[in-house]
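> Got a structure for you, questions after.
Protein chains: 2
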Amino acid sequence: MNNIILCGGSGTRLWPLSRTMLPKQFVKIFGEKSLFQMTEERNRRLCSSSLIVCNAEQFFLASDQLEESSKAVFLLEPIGRNTAPAIALACMLLEPEEIVLVTASDHLIKKQSAYEEAVKTAENLARQDYLVTFGITPDYPETGYGYIEADGADVLRFKEKPAMEKAERYMHANAKLAAKNLPAKYLWNSGMFCFKAGVFLDELKKYSPAIFETSAAALNNKVTVQERQYRIKHEDMLAIPADSIDYAVMEKSDRVKVVPCDIGWSDLGSFDSLYAETEAGENGNSVIAYSEGSPELVCVDSTDNLVISSERQIALVDIEGLLVVDTSDALLISKKGSSQKVKAVTEAIKKLKPELTETHRFVHRPWGTYEVLLESSRYKIKRIVVKTGRKLSLQKHFHRSEHWVVVSGTATVTVGDKRFYVHPNESTYIPAGQVHRLENEGKVDLAMIEVQVGEYVGEDDIVRIDDIYGR
Amino acid sequence: MNNIILCGGSGTRLWPLSRTMLPKQFVKIFGEKSLFQMTEERNRRLCSSSLIVCNAEQFFLASDQLEESSKAVFLLEPIGRNTAPAIALACMLLEPEEIVLVTASDHLIKKQSAYEEAVKTAENLARQDYLVTFGITPDYPETGYGYIEADGADVLRFKEKPAMEKAERYMHANAKLAAKNLPAKYLWNSGMFCFKAGVFLDELKKYSPAIFETSAAALNNKVTVQERQYRIKHEDMLAIPADSIDYAVMEKSDRVKVVPCDIGWSDLGSFDSLYAETEAGENGNSVIAYSEGSPELVCVDSTDNLVISSERQIALVDIEGLLVVDTSDALLISKKGSSQKVKAVTEAIKKLKPELTETHRFVHRPWGTYEVLLESSRYKIKRIVVKTGRKLSLQKHFHRSEHWVVVSGTATVTVGDKRFYVHPNESTYIPAGQVHRLENEGKVDLAMIEVQVGEYVGEDDIVRIDDIYGR
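Sequence order for the protein chains is R and C. Counting in my numbering, the first sequence runs from 12 upward without gaps. Counting in my numbering, the second sequence runs from 12 upward without gaps.
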């Protein structure tokens, strides 16, 4: 089996934890591993290969989170066109008889063995040329998910996100059946699928021929960036109609089957659903400390809160039922149960300070990471980490000079015609206008502090003369 | 008249805005001026001189907030012994016939002309050898203040902080009198006083002779640090019994009078009282942005909150009646009306991370300020500002080297035998073990970035060879 991992996501629902440039699948919410890494690992046990469909800008984020030995294939989209085109493009890279397991990259699945069992059931159905979807037995009347009305493995119909009353009716119907030891009739549509690549493409061609044709043309015209890495061209992607796999194929095809399952699934689509998956500590307060050395939460007469903290000390006094999400440049405080409204927050902030919806102060780059420590109109301080073997572009700046102090690792620095090493506790200076390059030829990460000084210190004052990442 | 300004304060009630090393009188809560500056300015119109009693560690904080032309006299206490000794020591610096106006440094007084009138009334009574206290006409049944039971200018008795029921009875009694156009009987004890220095000392000698004797000895043994700056020795201060002026003198003396007044007074003793003094914006949300360029608060369906913000973007969703206090290293979220419990928070944090109750990341020093931008086990980044004409100690470090990049102003740097200038966009390097000094001989502030690198970067790795501030 081939695992297609869909890595889209706009990074708005878990803002400020997630941002456009760091959607939630790449955030290490549950400790050492990101949801993307957990997904890849979970499916590695079931699939012999994986095909990752992600935004071109996030390729390095995703590939840096994979093990070095990974043979995953990347399909890079310049823009997102929803799930139907993403899955179609991926299937077109495969042989028609190959079976694919399509999964999101940002869902949580807690019951691994039930999951594996469900996938095996789905795989069997897929071999019989069915398009298989996974239906999650609901725990509660969620109104944020679509439902599948099922009769065993047969799909009677797909149901839109219901109002609360209807969702409760579904739960009631399920409960009645459960009392008779019968399987649930109303299932959550999980967005996971299993089918033969060719069968899916045939059905897509039949029911949404425009998506099929434009996707085929786009794939045909793809750019091979390097081994196992393909990029769709922007204009080709634009030509593909955006649609979800549910609308484009599943709701229309008569080859659809469902595997009802209870696999401890959550789409973590809001802080409330994240809260539901977090173990409560003392007095019902949950803490997710996503940076090392987060100080202990101080609670005075406070209960039933979810606090996501970074370096800052947080103290609560007489607080009940709040979600507190603290990052280095933005703080969200929401009542529990209201986290769907976070969307209104990101919309407001897009107008006020759009950069806060796009990046963190800690930024991933193809060559490593940087963090802005201080920014003023005439200088900027960054901590820069260059991974072993990586190099920044050969570049120059019109308006700023740069002072570099190496704190660990060894920098190979090019300035004009000269090329030299800078060791820990040594520094160098790059005058404005001078062509320069920073490399890490060493075996350990290079960490350095950069002090930029100049009349303008914006990120866009950069002229790239050469770049191994094609920027 | 001589204004004695009491500058004690432990910096715990408005934590994390205030800290031990930056009590609330020095925080610029209401914009450009601190409460200390507002106090000094307010009384400069009434008094010909001022005498500031403050902790020795905070001398530079206070003197930096005064105008350069200020002729204020400083009396520095190594430790606090409450108000009676502080006022006694100050009075002993003056002639017995001099009239003093004793004020806190961290109270808010909004009605300046009513205040001036009240002070003039008090001054007249003080000339007649009375000890005069100021009684504030209460607006509401506050349980956090002591009360004065008055009959016109006569004090019938001092009342401890009342329970709510009793506080309400006081209000009721006042209302009845007000209906008959009679003055209030129960007044808040404001902690402001007016009397002849000699009269106060006579009464202190009579009712609390131990305080009088030990204070006289301590003052006699004082150190003259420089012109208009006296320091009490630690052992002398320790010998003085700690007591408030109310217990030590006012509640015992029969020379006490009260000036009832309505001067828009608040002691700002909690975030709730701060909230009461803050103008509410849209939907009852108040914002105090205490650092420049604070982003606009984003509110979704949120009402009646007080947000004290610094650089971080803050967003509220479905939040009502909260106090949110955000600083660069600590965040407090409290229900409105519960801010008295902040004390429990600071007690907990004293055990967990005591440095957070002592200093901010932004630290005041005799020579200027510094801010820690990043700290790890092997390096530390600081932004350092040296005020014009100031210099750091001649010093060395065993474990760390320092890289200095000047971003504005000019540094005069001594390293070993050499002395040289470092201009903006220039850098220099101080190897570990090397004796060095940083000075600003220029006419504008010097700002520079320091990158410390070494096996240990704690503040205590410093050997001072010479220091103009006697450290």
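The beta carbon of each residue, even a glycine, is placed where N, CA and C say it ideally should be.
#1: Select from the segment 318 to 331 of chain C all residues with a C-beta closer than 7 Å to any C-beta belonging to chain R, and list them in chain order.
#2: On a CA-only basis, which of GLU293(C), GLY292(C), LEU327(C) and ASN296(C) is nearest VAL538(C)? Give me that one, please.
#3: Please classify ALA341(R) as buried or exposed, where buried requires at least 16 other C-beta atoms within 10 Å of its C-beta.
#4: Between PRO34(R) and the rest of its own chain, which residues show a CB-CB distance below 8 Å, the 5 nearest in sequence each way excluded?
#5: Take VAL267(C) and list the residues in its own chain whose beta-carbon comes closer than 6 Å to its own, dropping the five residues that flank it on each side.
#6: Just to confirm the assignment, what range does the beta strand (DSSP E) spanning MET203(C) have?
#7: Taking the C-alpha atoms as reference points, what is the distance between ASP140(C) and LEU72(C)?
#8: Within 8 Å (strictly less), CB to CB, does HIS414(C) reach chain R?
#9: Fully enclosed by the segment 140 to 205 of chain C, which alpha helix (DSSP H) runs are 4 residues long or longer?
#10: Using only alpha-carbon positions, find the residue among PRO271(R), LEU230(R), GLN237(R) and SER219(R) that is nearest to LYS263(R).
#11: Report yes if the CB atom of ASP329(C) is closer than 8 Å to the CB atom of SER297(R), and no otherwise.
#12: Classify CYS18(R) as helix, strand or coil using the three-state DSSP reduction.
#13: Output the boundary residues of the beta strand (DSSP E) element that contains THR357(R).
#14: From ARG475(R) to ILE319(C), what does the alpha carbon distance come to, in whole angstroms?
#15: Along the chain, where does the beta strand (DSSP E) containing MET32(C) start, and where does it finish?
#16: Would the segment 57 to 68 of chain C and the segment 395 to 406 of chain C be scored as touching if the rule is three or more Cβ pairs under 8 Å?
#17: Under 8 Å between beta-carbons, which chain R residues line up against ASP312(C)? List them in chain order, please.
#18: Can you pull the DSSP bridge partners for ASN13(R)?
#19: Need the endpoints of the beta strand (DSSP E) that THR235(R) sits in, please.
#20: Which partner residues does ASP254(R) have in the DSSP bridge list?
#21: So that I know if they touch, is there some Cβ in chain C lying closer than 8 Å to that of ALA300(R)?
#22: Put GLY295(R) into one of helix, strand or coil per three-state DSSP.
#23: Leaving out five residues on either side along the sequence, give the residues of the same chain with a beta carbon under 7 Å from the beta carbon of ARG323(C).
#24: Could you tell me the boundaries of the alpha helix (DSSP H) in which LEU230(R) lies?
#25: Residue ranges of each alpha helix (DSSP H) run of no fewer than 4 residues wholly in the segment 324 to 409 of chain R, ordered along the chain?
#26: Identify, in the order they occur along the chain, each residue of the same chain with its Cβ nearer than 7 Å to the Cβ of GLY453(R), setting aside the five sequence neighbours on each side.
#27: To be precise: take each residue of the segment 422 to 439 of chain R, compare its Cβ to all Cβ atoms of chain C, and keep it if any distance is under 9 Å. Which residues remain?
#28: Over what stretch of residues does the beta strand (DSSP E) that includes SER419(C) continue unbroken?
#29: Considering Cα atoms alone, identify which of GLY275(R), ASP247(R), VAL455(R) and GLU461(R) is closest to SER124(R).
#30: With distances taken from CA atoms, which of GLY444(R), ALA443(R) and ASP456(R) is nearest HIS434(R)?
#31: Taking the continuous alpha helix (DSSP H) assigned at PRO96(C), which residues delimit it?
#32: Decide if the segment 374 to 390 of chain R is in contact with the segment 343 to 360 of chain R; the criterion is three or more beta carbon pairs, one per stretch, under 8 Å apart.
#33: Using 8 Å as the limit for Cβ to Cβ distance, is LEU215(R) near chain C?
#34: Where DSSP assigns a beta bridge to PHE431(R), which residues make up the other side?
#35: Looking only at its own chain, which residues have a Cβ that is under 7 Å from the Cβ of PRO271(C), when we skip the five neighbours before and after it?
#36: So that I know if they touch, is there some Cβ in chain R lying closer than 8 Å to that of LEU77(C)?
So, to answer that:
#1: ARG323, GLN324, ILE325, ALA326, LEU327, VAL328, ASP329 and ILE330
#2: No answer is possible for residue 538(C): it lies beyond the span of chain C, which begins at 12 and ends at 482.
#3: Here residue 341(R) refers to the residue found at position 330 of the first sequence. Answer is buried; the Cβ neighbour count reaches 16.
#4: Here residue 34(R) corresponds to residue number 23 of the first sequence, with the count starting at 1. So the list reads CYS18, GLY19, GLY20, SER21, GLY22, GLN69 and ASP117, once near-sequence residues are dropped.
#5: If you number the second sequence from 1, residue 267(C) lands on position 256. Same-chain partners within the cutoff: LEU142, VAL166 and MET261.
#6: On the second sequence, position 192 is the one that residue 203(C) refers to. First-last of the beta strand (DSSP E) with MET203(C): 197 to 207.
#7: Against the second sequence, residue 140(C) aligns to sequence position 129. Against the second sequence, residue 72(C) aligns to sequence position 61. Rounded to the nearest angstrom, the two C-alpha atoms are 35 Å apart.
#8: Within the second sequence, the letter at position 403 stands for residue 414(C). Interface residue, yes.
#9: 175 to 190
#10: Translated into positions along the first sequence, residue 263(R) becomes position 252. When only C-alpha atoms are compared, the closest one is SER219(R).
#11: The residue you call residue 329(C) lines up with position 318 of the second sequence. The residue you call residue 297(R) lines up with position 286 of the first sequence. For ASP329(C) and SER297(R), no; Cβs fall outside 8 Å.
#12: As a first step, residue 18(R) must be located in the first sequence, where it is residue number 7. CYS18(R): coil per DSSP, three-state reduction.
#13: To locate residue 357(R), count along the first sequence from 1; it is residue 346. First-last for THR357(R): 353 to 363, but that is the alpha helix (DSSP H), not the beta strand (DSSP E).
#14: Position 464 of the first sequence, counted from the start, is the residue given in the question as residue 475(R). Position 308 of the second sequence, counted from the start, is the residue given in the question as residue 319(C). Whole-angstrom Cα-Cα distance: 42 Å.
#15: Working through the second sequence from its first residue, we reach residue 32(C) at position 21. Where MET32(C) is concerned, there is no enclosing beta strand (DSSP E), given that its DSSP letter is neither H nor E.
#16: no
#17: Within the second sequence, residue 312(C) is the residue found at index 301, counting from 1. Within chain R, the residues near ASP312(C) are SER349 and LYS352.
#18: In the first sequence, the residue the question calls residue 13(R) occupies position 2. DSSP, once it has assigned bridges, lists SER60(R) and VAL111(R) as partnering ASN13(R).
#19: Against the first sequence, residue 235(R) aligns to sequence position 224. Its beta strand (DSSP E) spans residues 234 to 237.
#20: One-based indexing of the first sequence puts residue 254(R) at position 243. Looking at the DSSP assignment, ASP254(R) forms no beta bridge with any residue, so it has no partner.
#21: The sequence position of residue 300(R) within the first sequence is 289, counting from 1. Answer no: the Cβ-Cβ gap between ALA300(R) and chain C never drops below 8 Å.
#22: The residue given as residue 295(R) occupies position 284 in the first sequence. Helix at GLY295(R).
#23: Mapped onto the second sequence, residue 323(C) falls at position 312. Closer than 7 Å at the Cβ level, and outside the excluded window around ARG323(C), lie ASP337.
#24: As a position in the first sequence, residue 230(R) is number 219, starting the count at 1. Residues 220 to 231.
#25: 353 to 363 and 366 to 369
#26: Within the first sequence, numbered from 1, the residue matching residue 453(R) stands at position 442. Answer for GLY453(R): THR399, GLY420 and THR421, listed in chain order.
#27: PRO435, ASN436, GLU437 and SER438
#28: Working through the second sequence from its first residue, we reach residue 419(C) at position 408. 411 to 419 is the extent of the beta strand (DSSP E) around SER419(C).
#29: Taking the first sequence and counting its residues from 1, the one referred to as residue 124(R) is at position 113. That would be GLY275(R), whose Cα lies nearest to the Cα of SER124(R).
#30: Translated into the one-based positions of the first sequence, residue 434(R) becomes position 423. When each option's Cα is compared against that of HIS434(R), the closest is ASP456(R).
#31: By 1-based counting over the second sequence, the position of residue 96(C) is 85. Element bounds for PRO96(C): 94 to 103.
#32: no
#33: Position 204 of the first sequence, counting from 1, holds the residue named residue 215(R). Not closer than 8 Å to any Cβ of chain C, the Cβ of LEU215(R) fails to qualify, so no.
#34: Residue 431(R) sits at position 420 when you count from the first residue of the first sequence. BP columns for PHE431(R) point to VAL424(R).
#35: Counting from 1 along the second sequence, the entry for residue 271(C) is found at position 260. Cβ within range, chain order: GLY146, THR148, ALA161, PRO194, ALA195 and LEU198.
#36: For the purposes of this step, residue 77(C) is taken as the residue at position 66 of the second sequence. By this cut-off, LEU77(C) is not an interface position.
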